[in-house]
Structure formats: structure tokens, C-alpha cells
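Trainee: Taking the numbering used here, the leading residue of the sequence shown gets 121, the next gets one more, and so forth. Note that CB positions come from ideal geometry on N, CA and C, so glycine has one too. Model, not experiment: these values are computed from the prediction. I have a structure here, written as C-alpha cells, and I will follow up with some questions on it.
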Amino acid sequence: QGCSKLATINLDKLTKLAEVGDYAFQYTIIPTVDLSAANSVAKNGAYNFKVIGKYAFADNTALTSVKLAPGIETIDEGAFKFSSYDSNTLKTQGSLATIDGLNTTVLKTIGKEAFYGAAITGLNLRGATNTAFTTIPADAFAFNSNLKQIELPAQISTINAGAFAYALPLDSINLNQTNITVLNNLF
Numbered sequence: 121q122g123c124s125k126l127a128t129i130n131l132d133k134l135t136k137l138a139e140v141g142d143y144a145f146q147y148t149i150i151p152t153v154d155l156s157a158a159n160s161v162a163k164n165g166a167y168n169f170k171v172i173g174k175y176a177f178a179d180n181t182a183l184t185s186v187k188l189a190p191g192i193e194t195i196d197e198g199a200f201k202f203s204s205y206d207s208n209t210l211k212t213q214g215s216l217a218t219i220d221g222l223n224t225t226v227l228k229t230i231g232k233e234a235f236y237g238a239a240i241t242g243l244n245l246r247g248a249t250n251t252a253f254t255t256i257p258a259d260a261f262a263f264n265s266n267l268k269q270i271e272l273p274a275q276i277s278t279i280n281a282g283a284f285a286y287a288l289p290l291d292s293i294n295l296n297q298t299n300i301t302v303l304n305n306l307f
């Protein structure tokens with residue numbers, strides 16, 4: 121079940137981090153994940169740190185804040201699933217109130233269930249303008265019991281089934297798009 125007592129991790133000195141691998145910090149109790157300094161620029165000007173792997177921070181019931189590095193291209197399947205949410209009791213333990221960096225990254229892909237049950241309060245992807253980022257996958261932000269507002273970038277053309285399912289307090293969604301395909305059971 122992972123390092124269930126791991127409460128602190130310092131990645132400040134990791135300037136050449138390439139990715140956070142699959143299941144790397146699953147089942148930990150780290151309240152703050154700051155990856156903002158864990159990046160460097162290669163000779164070609166591209167960022168080295170591009171991927172947060174499958175279930176990398178999943179089931180972290182203490183997570184309240186995430187700061188992403190500016191070069192993140194992929195947030196893989198279930199990366200933050202059930203963060204701040206106890207999947208055994210089905211109750212929110214806290215709130216992943218802030219995810220800094222989603223709005224300013226070169227984001228290309230968010231995997232299915234990436235933030236499922238993560239207790240996010242607001243979601244602003246408006247500045248994630250990479251033209252490859254066109255789809256919100258199935259259940260990506262489902263069961264976010266604190267999600268009140270959503271801002272999506274203009275290039276999003278497809279929102280898959282259940283992407284925001286059971287985001288019950290949701291009172292505002294700005295799609296910034298005139299031609300969009302919305303699949304069944306979006307909410």
C-alpha cells in the first residue's frame with residue numbers, strides 16, 4: 121500500500137527531473153506537492169520534466185496544494201485520483217484547493233480519471249493553449265464534491281462522458297468554444 125506515513129517530500133533540488141513515475145507517491149499523506157522548481161530547459165529550449173505518471177499521487181488523503189512545473193505535457197490516468205478523499209469512507213478529508221500550473225503549462229493530455237474525487241474547488245485551464253490539448257477525457261474531474269467553477273480553453277472540442285459527473289456544487293462552466301462535442305452524462 122505504499123508509504124502511508126510519508127508526509128513530506130522536497131523536490132526543490134531536482135532540476136533535471138524527467139517525470140514522476142506511475143504510482144510513485146500513491147497512498148502517501150503529503151499535504152503539498154511543489155514541482156514548480158523541478159525542471160530545467162534542455163539545449164533545444166524544451167523542458168525536460170513532462171509527465172506525471174499513472175496514479176502518481178492517487179489516494180493521498182492529505183493533499184491540499186499542487187504546484188506544477190511549467191513544462192508538464194501529460195497528467196496521466198488517475199494521477200491525482202482520490203486526493204483529499206478517503207475512498208474507503210467515501211468522504212472528503214480536505215480539499216485540493218489549488219492546482220497551480222494547469223493554466224500556464226504546455227499541457228497536451230489529461231488522462232481519464234486524472235482528478236477523479238480530488239476535491240478540487242476550482243479548475244482553470246483557460247491558459248493551457250497547446251493545440252494538441254483538445255479533449256477532456258471520461259471521468260477526468262468526476263466526483264469532485266467541492267468543484268464550483270470550470271474554465272476551459274478554446275481549443276477543447278470534445279468533453280467525454282462523465283467528465284464532471286457528480287460535481288454537485290458546480291455553478292459555473294465557461295467552455296470558451298462555439299463548436300464542441302459533449303458526450304453522454306457529462307454531469
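If you count every other CB in all the chains shown that lies within 10 Å of the CB of N296, and 16 or more means buried, which is it?
Mentor: Indexing the sequence shown from 1 puts residue 296 at position 176. N296 should be labelled exposed.
Trainee: Thinking just about the alpha-carbon of each residue, which of A176, G173, E271 and T181 is nearest to the one in R246?
Mentor: Translated into positions along the sequence shown, residue 246 becomes position 126. Comparing Cα positions, the closest option is E271.
Trainee: Between T148 and K136, what straight-line distance do the alpha-carbon atoms span, to the nearest angstrom?
Mentor: Translated into positions along the sequence shown, residue 148 becomes position 28. Translated into positions along the sequence shown, residue 136 becomes position 16. If you take the alpha carbons of T148 and K136, they lie about 23 Å apart.
Trainee: Relative to the C-alpha of S203, which residue among A274, I240 and A157 is closest?
Mentor: Position 83 of the sequence shown holds residue 203. Considering only alpha carbons, the answer is I240.
Trainee: Roughly how many angstroms lie between the CA atoms of N280 and A258, to the nearest whole one?
Mentor: Residue numbering aside, residue 280 sits at position 160 when the sequence shown is read from its first letter. Residue numbering aside, residue 258 sits at position 138 when the sequence shown is read from its first letter. Spanning the two alpha carbons is a distance of roughly 5 Å.
Trainee: Where does K228 sit, in a helix, a strand or coil, going by DSSP?
Mentor: Here residue 228 refers to the residue found at position 108 when the sequence shown is read from its first residue. Here K228 sits in coil by DSSP.
Trainee: At the level of alpha carbons, what is the spacing between T184 and T152?
Mentor: One-based indexing of the sequence shown puts residue 184 at position 64. One-based indexing of the sequence shown puts residue 152 at position 32. If you take the alpha carbons of T184 and T152, they lie about 6 Å apart.
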